[in-house]
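Asker: Residue numbers (this note's numbering): 8 to 78.
Here a beta-carbon is modelled for each residue, glycine too, at the ideal position from N, C-alpha and C.
1. Starting from residue 10, trace the alpha helix (DSSP H) both ways and give me its first and last residue.
2. Given this structure, state the Cα-to-Cα distance separating residue 46 from residue 54, to the nearest angstrom.
3. Got a sec? Which residues, its chain only, sit under 7 Å from residue 41 by beta carbon, not counting five neighbours each side?
4. Note down, one range per segment and in chain order, each beta strand (DSSP E) of at least 3 residues found wholly within the stretch 16-42.
5. Measure the beta-carbon distance from residue 60 to residue 49 and round it to whole angstroms, keeping in mind my assumption that it falls under 8 Å.
6. If we ignore side chains and look at the alpha-carbon of each, how far apart do residue 52 and residue 44 end up?
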């Protein structure tokens with residue numbers, strides 16, 4: 008099961024590859040979208056509490072690390 012999921016994640020995403028005009032994997036798409044969501048969440052949460060906004064910022068930083076480690 009894990010091998011099947013890993014294979015699916017490492018396949019080329021046709022839709023995003025056509026948009027970007029270079030080869031993009033599904034894993035990269037998921038990570039980039041997750042980073043964007045975390046940044047938006049952090050910007051909304053910072054109005055209430057700076058401390059709580061560090062949670063999505065930390066998650067985004069970890070996803071950036073995963074994205075850079077792959078390359």
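Answerer: So, from the data block:
1. Counting along the chain, the alpha helix (DSSP H) containing residue 10 begins and ends at 9-17.
2. Distance from the CA of residue 46 to the CA of residue 54, rounded to the nearest whole angstrom, comes to 13 Å.
3. So the qualifying residues of the chain are 70.
4. Qualifying beta strand (DSSP E) stretches: none in this window.
5. The beta-carbon distance between residue 60 and residue 49, rounded to whole angstroms, is 5 Å. This is short enough to meet the 8 Å contact definition.
6. Roughly 12 Å between the two C-alpha positions.
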